[in-house]
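Trainee: In the UniProt record's numbering, the protein residues as written are 1 to 208.
Built from N, CA and C at the ideal position, the CB exists for glycine as well.
Handing you a structure now.
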């Protein structure tokens with residue numbers, strides 16, 4: 001009887017120890033599997049701020065300003081209009097002629113090459129040049145002017161005369177500065193000319 005109980009007791013003790021060992025091993029294996037499984041991990045809140053993709057919104061900007069305006073002594077003349085007048089032999093006639101001119105400003109923008117110039121800066125340059133010339137010439141310098149001539153044609157000298165209107169253009173230059181956000185400042189000297197005056201020239205025509 002005692003031997004039977006001892007045998008049973010020993011068997012029960014072994015069974016209990018076996019169960020404990022199985023539980024310990026199972027817990028250890030389960031813990032390792034849980035640690036390796038990403039789907040069962042508890043996600044910690046992230047403090048990282050997601051930055052938006054950088055967008056280059058900066059544009060190349062140019063600023064154009066006007067500097068000094070200089071009026072040169074250099075001039076050029078061109079024939080603007082002409083006509084022929086017949087005078088009888090031995091007769092003297094007096095003719096009147098008039099012409100209205102505008103103080104046109106011709107700015108040589110092509111001298112800037114491929115530089116992009118806005119319409120606004122072109123208007124400013126034109127106005128500034130006119131203003132500076134008026135300051136130099138005085139208050140009598142007008143945007144337009146009508147010139148009148150009275151000339152005598154003598155038939156004793158020639159029967160034919162040629163009346164020629166000659167315009168005089170004064171040359172000058174204007175300083176144009178360009179400042180860029182991506183390059184060093186540049187200075188250009190922009191040539192221009194303005195119709196300064198007109199004169200009536202009288203030439204005798206002699207037939208050979």
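1. Whole angstroms are fine: how far does the CA of residue 149 sit from the CA of residue 179?
2. Rounded to the nearest angstrom, how far is the Cβ of residue 198 from that of residue 80, given a contact under 8 Å?
3. Within 10 Å of its beta-carbon, does residue 135 have 16 or more other beta-carbons around it, so buried, or fewer, so exposed?
4. For the alpha helix (DSSP H) that contains residue 132, what are its first and last residues?
5. Please confirm if residue 73 has its CB atom under 8 Å from at least one CB of chain B.
6. Assuming residue 87 and residue 155 make a contact with CB atoms under 8 Å, what is their CB distance in whole Å?
7. Counting C-beta neighbours from all protein chains within 10 Å, is the total for residue 77 16 or more, i.e. buried, or is it exposed?
8. Could you have a look at residue 112 and say whether DSSP puts it in helix, strand or coil?
9. Please classify residue 64: is it buried, with 16 or more other beta-carbons within 10 angstroms of its beta-carbon, or exposed?
10. Can you tell me whether residue 204 is buried or exposed, with buried defined as 16 or more other CB within 10 angstroms of its CB?
11. Do you know offhand how far residue 206's Cα is from residue 157's?
12. Tell me whether residue 200 sits in a helix, a strand or coil according to DSSP, three-state version.
13. Pull up the distance between the alpha-carbon of residue 69 and that of residue 126, whole angstroms please.
14. Near residue 111, what residues of its chain come up, given a Cβ to Cβ distance below 7 Å and the 5 sequence neighbours on each side ignored?
Mentor: Taking the coordinates as given:
1. Numbered from its first residue, the chain shown carries residue 179 at position 179. Numbered from its first residue, the chain shown carries residue 149 at position 149. Cα-Cα distance, rounded: 50 Å.
2. Stepping through the chain shown from its first residue, residue 198 is reached at position 198. Stepping through the chain shown from its first residue, residue 80 is reached at position 80. Sure, about 6 Å apart at Cβ, within 8 Å.
3. If you number the chain shown from 1, residue 135 lands on position 135. When all chains shown are included, residue 135 counts as exposed.
4. As a working note, residue 132 is residue 132 in the chain shown. 119-137 is the span of the alpha helix (DSSP H), which, as asked, contains residue 132.
5. This model lacks chain B altogether, as it is built from one protein chain only.
6. The sequence position of residue 87 within the chain shown is 87, counting from 1. The sequence position of residue 155 within the chain shown is 155, counting from 1. About 4 Å separates the beta carbon of residue 87 from that of residue 155, a gap short enough to meet the 8 Å contact definition.
7. In the chain shown, residue 77 corresponds to position 77, counting from 1. When all chains shown are included, residue 77 counts as exposed.
8. Translated into positions along the chain shown, residue 112 becomes position 112. Reduced to three states, the DSSP call for residue 112 is helix.
9. Taking the first residue of the chain shown as 1, we reach residue 64 at position 64. By the C-beta density criterion, residue 64 is buried, having at least 16 other C-beta atoms within 10 angstroms.
10. Taking the chain shown and counting its residues from 1, the one referred to as residue 204 is at position 204. Exposed, since its Cβ has fewer than 16 Cβ neighbours within 10 Å.
11. Taking the first residue of the chain shown as position 1, residue 206 is located at position 206. Taking the first residue of the chain shown as position 1, residue 157 is located at position 157. If I take the Cα positions, the gap works out to 9 Å.
12. On the chain shown, residue 200 is found 200 positions in, with the first residue counted as 1. In this structure, residue 200 counts as strand in the three-state DSSP scheme.
13. As a first step, residue 69 is located in the chain shown; it is residue number 69 there, counting from the start. As a first step, residue 126 is located in the chain shown; it is residue number 126 there, counting from the start. Rounded to the nearest angstrom, the two C-alpha atoms are 11 Å apart.
14. For the purposes of this step, residue 111 is taken as residue 111 along the chain shown, with counting starting at 1. Around residue 111: 190, 191.
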